[in-house]
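Novice: Residues in the sequence shown are numbered from 1 upward in steps of one, following this note's numbering.
The structure is given below, and queries will be raised subsequently.
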Amino acid sequence: MASGLESNRCSICQKADGECMCDGCKKYFCVKHFDQHRQQLSTKFDVGIVRTHDELFEQINKINQPNTSGSELFGEIDRWETEIYEKVHQAAEKARHQLTELLTEGKDTLKKDFEIMTKEIRDRRKELDFNENDIERLQQKLNQIQISVNRLVRSTETKAVIVTNDQINWNRIIYVETPLRSSSIDIHPNAKWKQAGVTVAGGNEEGNGINQLNCPWGLYVDDEETVYVAEESNHRIMEWKSGATNGKVIVGGKGNVA
């Protein structure tokens, strides 16, 4: 059995004068090495705790400062509002011009023909210069003008203004989009990665089977640890559940899986 003196040896120099015990690691130290141990703890505290705290403090301060990028984004919305208003105004003016042309179409010609007809009738009536042939010709002309008047009235009544704003998705014509995040799992910047990895997809040589991959170029992992792999050669996107030995084609594919 080890004596009490042996159990109190300094954990660094192994001398029997380990008079000081650390409440954290429960090890004994001589006075010299206890001071050294405390200095190591102080350095570790300053580097691991204080420095990280200060960096986090700076990040929080930046978050609380006026967001210049936010002002720029609001500016983009304002510019879009101005541009879309101008486009709507131009479309309305164009519609007004088209409607004016449609409403006046044929009116000037009809008015001119009727004025000529009126003058001839008055002149012939005043001079008593007419016979059966003139009466028949004038009657036909009046009938033609009547037909033109009826056609113009019907055309005016059947014209309509088509407003297609019901086909505009106002909820999607402009919207704020949050960038797609790769995963909600936060990985610490100082995280240590293991050298020996685990195969989560493929691993059965190159091919187009449901347990194979061929020229993968895109990878996405969701919160359930499901892996999605985009393959260039197979023209498909594979879904690999966590722990699965085979994948599932969810997009594309050549159709000749093993």
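In this text, a Cβ means the ideal position worked out from N, Cα and C, and glycines have one as well.
These numbers were taken from a predicted model, which means no experiment stands behind them.
I want to know whether the region 114-121 touches the region 130-145 - three or more CB-CB distances under 8 Å.
Specialist: Result yes; three or more Cβ-Cβ pairs closer than 8 Å.
Novice: What span of residues does the alpha helix (DSSP H) with L41 cover, start to end?
Specialist: The residue given as residue 41 occupies position 41 in the sequence shown. First-last of the alpha helix (DSSP H) with L41: V31 to F45.
Novice: I'd like to confirm the pairing. Which residues does DSSP put opposite M117 in its beta bridges?
Specialist: Residue 117 sits at position 117 when you count from the first residue of the sequence shown. Paired residues: none, contrary to the question.
Novice: With DSSP as the reference, please indicate the residues paired to R236 in a beta bridge.
Specialist: Walking along the sequence shown from the start, residue 236 turns up at place 236. R236 is bridged to E231 and G252.
Novice: Using C-beta distances below 8 Å, list every residue in its chain close to I12, excluding the 5 sequence neighbours before and after it, in chain order.
Specialist: Walking along the sequence shown from the start, residue 12 turns up at place 12. Cβ within range, chain order: F29, C30, H33, Q36 and H37.
Novice: Exposed or buried, Q40, counting other C-beta atoms within 10 Å across all chains shown (16 or more means buried)?
Specialist: Taking the sequence shown and counting its residues from 1, the one referred to as residue 40 is at position 40. So Q40 counts as exposed.
Novice: Ordered along the chain, which non-local residues of its own chain (more than five positions away) have a Cβ less than 7 Å from that of D134?
Specialist: Reading the sequence shown from its first residue, position 134 is the one you call residue 134. For D134, where only same-chain residues beyond five positions count, the Cβ hits under 7 Å are R124.
Novice: For I237, count the other beta carbons within 10 Å of its own beta carbon; 16 or more makes it buried, fewer makes it exposed. Which is it?
Specialist: Within the sequence shown, residue 237 is the residue found at index 237, counting from 1. Flag for I237 reads buried.
Novice: Mark L5 as exposed unless 16 or more other C-beta atoms lie within 10 angstroms of its C-beta, in which case mark it buried.
Specialist: Residue numbering aside, residue 5 sits at position 5 when the sequence shown is read from its first letter. No answer about L5 holds up, because its pLDDT of 44 lies below 50 and its placement is not dependable.
Novice: Under three-state DSSP, which class holds G247?
Specialist: Here residue 247 corresponds to residue number 247 of the sequence shown, with the count starting at 1. Coil at G247, not helix or strand.
Novice: Of all the options N211, C20 and I84, which has the alpha carbon lying nearest to the alpha carbon of G247?
Specialist: As a working mapping, residue 247 is identified with position 247 in the sequence shown. Among N211, C20 and I84, the Cα nearest to that of G247 belongs to N211.
Novice: Can you name, in chain order, every residue of its own chain whose Cβ lies under 7 Å from the Cβ of S225, other than the five neighbours on each side?
Specialist: Indexing the sequence shown from 1 puts residue 225 at position 225. For the sequence presented, residue 225 should be read as Glu rather than Ser. Excluding positions up to five away in sequence, the list reads S242.
Novice: On the DSSP letters alone, give me the boundaries of the beta strand (DSSP E) that L219 sits inside.
Specialist: For the purposes of this step, residue 219 is taken as the residue at position 219 of the sequence shown. Here the beta strand (DSSP E) through L219 covers P216 to V221.
Novice: Taking only the alpha-carbon atoms, compute the straight-line gap between E81 and V88 and give it to the nearest angstrom.
Specialist: Along the sequence shown, one-based indexing puts residue 81 at 81. Along the sequence shown, one-based indexing puts residue 88 at 88. Their backbone Cα atoms lie some 11 Å apart in a straight line.
Novice: Give every residue of the same chain whose Cβ lies closer than 7 Å to the Cβ of E232, excluding the five residues on either side of it in the sequence, and list them in chain order.
Specialist: Mapped onto the sequence shown, residue 232 falls at position 232. Hits under 7 Å: C215 and W217.
Novice: For Y85, write down the residues that DSSP places opposite it in a beta bridge.
Specialist: Looking up residue 85 in the sequence shown gives position 85. Looking at the DSSP assignment, Y85 forms no beta bridge with any residue, so it has no partner.
Novice: Looking at the secondary structure, which residues open and close the alpha helix (DSSP H) in which L56 lies?
Specialist: Counting from one through the sequence shown, the residue named residue 56 turns up at place 56. Looking at the DSSP string, the run of the alpha helix (DSSP H) that includes L56 is R51 to N64.
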